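Per this note's numbering, the very first residue in the sequence shown carries number 83; after that it's consecutive. All remarks here apply to the structure that follows.
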Amino acid sequence: SLRMAKRRYVVAHFMENLDVPDMTALSEERYNTEKDKYALVKEHRLSSHILFVCPPAACNRVEEKKIANKVLEELRAGADWNEMVKEHSGDPGSKGKDGRFEKWLIMGIPNVEPHYVGGVFSIENEGEYSEVTETKFGLHIIRLDQKVPSFYRPYEEVKDDIINTLESDYRKLALKEYSSQFIMSDTAEMDTQALDEIFEPYARAVSEAQPATAVPGAAVLQDSAANPAEVGGATQQVMDAVKQQVEAATQQ
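Structural data, given as structure tokens:
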């Protein structure tokens, strides 16, 4: 409708002219207060395995587990891993690669059988084996090949990512605040004559206007784990900047 086209035009004009403040100070503040969110690299591990294929109800897991445990005993006694993989593994994807599971794993990683991941993280030292681990595919003997402990990336490495996120959040918050000016109750009345006079200079632009692209963004700046009473100075400055720009725009 014409009214919605006018609204889209005004909102788009506001967003095009939105002055996004320097987020450097706020990015440092967020790095220090939300380090896990922005900088944590979780412990990740590489593994190899021998799979004894045994889908549920398709084979006798009790008997199969006896075989797997015997192989595990031989490995812990010094048997050659690669030879054991060739002889016993039923995983076609890794058998020809000495059993390597070619994906770094972290706890909770999606699209990997969680019991397998649990087996990988149950091993204490590189080169050691898990106990026989059951998954929906069968029984696994897992070897831990490499582990990298968790660590925090330095601020300079994540600075640009944090700033980009904060700028996106700022735009989303500003859009939300500005758009709220157009919300009307069921009893509100519109002075169409006044609106026509206001928008008359933009009639041509309105008729050619296309629907505005939704502004992307993650959580708004207010979505923070911090207590409002403890929000840092940089955060408060950004919030004040949003309010000032919205107020200025609505007074025009």
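Using N, Cα and C, we set each Cβ at its ideal position, and we do this for glycine too. Since this is a predicted model, take the numbers as computed values, not measurements.
Residue of the options minimising C-alpha distance to residue i
i      : options                        : result
Val123 : Glu249, Val230, Ala256         : Val230
Pro216 : Ser250, Gly175, Val199, Tyr120 : First, the amino acid is wrong: residue 216 is Glu here, not Pro. The residue with the shortest Cα to Cα distance from Glu216 is Val199.
Tyr120 : Val92, Glu249, Arg235, Glu208  : Arg235
Glu116 : Pro192, Tyr237, Ile191         : Tyr237
Glu210 : Glu259, Ile224, His95          : Ile224
Ser109 : Lys258, Asn246, Glu98          : Asn246
Cys141 : Lys218, Lys258, Ser261         : Lys218
Asp180 : Asp162, Ser261, Ile149         : Asp162
Burial state of residue i, where buried means 16 or more other Cβ atoms lie within 10 Å
i      : result
Lys88  : buried
Phe233 : exposed
Arg85  : exposed
Ala256 : buried
C-beta contact flag for residue i and residue j at 8 Å
i      : j      : result
Gln228 : Leu128 : yes
His131 : Phe203 : no
Val153 : His170 : yes
Tyr252 : Val92  : no
Leu226 : Met105 : no
Lys168 : Leu221 : no
Asn151 : Val214 : yes
Whole-angstrom distance between residue j and residue i, CA atom to CA atom
i      : j      : result
Asn164 : Val240 : 41 Å
Phe134 : Ala159 : 20 Å
Ser244 : Tyr113 : Checking the sequence, you will find Ile at residue 244 rather than Ser. Cα to Cα, the separation comes out at about 8 Å.
His126 : Met189 : 8 Å
Gly178 : Asp118 : 38 Å
Arg90  : Ser250 : 19 Å
Ala308 : Glu111 : Summary for Ala308: the model assigns pLDDT 42, below 50, so the residue's position carries little reliability, and this model does not support an answer.
Leu100 : Pro137 : 59 Å
Met166 : Lys254 : 57 Å
Lys185 : Gln326 : 49 Å
Thr295 : Pro192 : Confidence is the limiting factor: at Thr295 the pLDDT is only 42, short of 50, which leaves the residue's position unreliable and the question unanswerable from this model.
Ile205 : Ser212 : 6 Å
Met97  : Asp242 : 22 Å
Glu259 : Ala94  : 14 Å
Gly201 : Glu208 : 13 Å
Pro174 : Ser262 : 58 Å
Pro196 : Ala107 : 40 Å
Ile149 : Ser176 : 20 Å
Glu155 : Ala139 : 26 Å
Gly172 : Leu187 : 21 Å
Counting only runs that start and end within the stretch 173-203, where is the alpha helix (DSSP H) found for 4 or more residues in a row? Counting only runs of 4 or more, we get 196-203.
As an exercise, report each continuous beta strand (DSSP E) stretch of at least 3 residues that is fully enclosed by the stretch 201-242, in chain order. 220-230
In chain order, each alpha helix (DSSP H) run of at least 4 residues that lies wholly inside the stretch 95-165: 106-115, 117-121, 143-158
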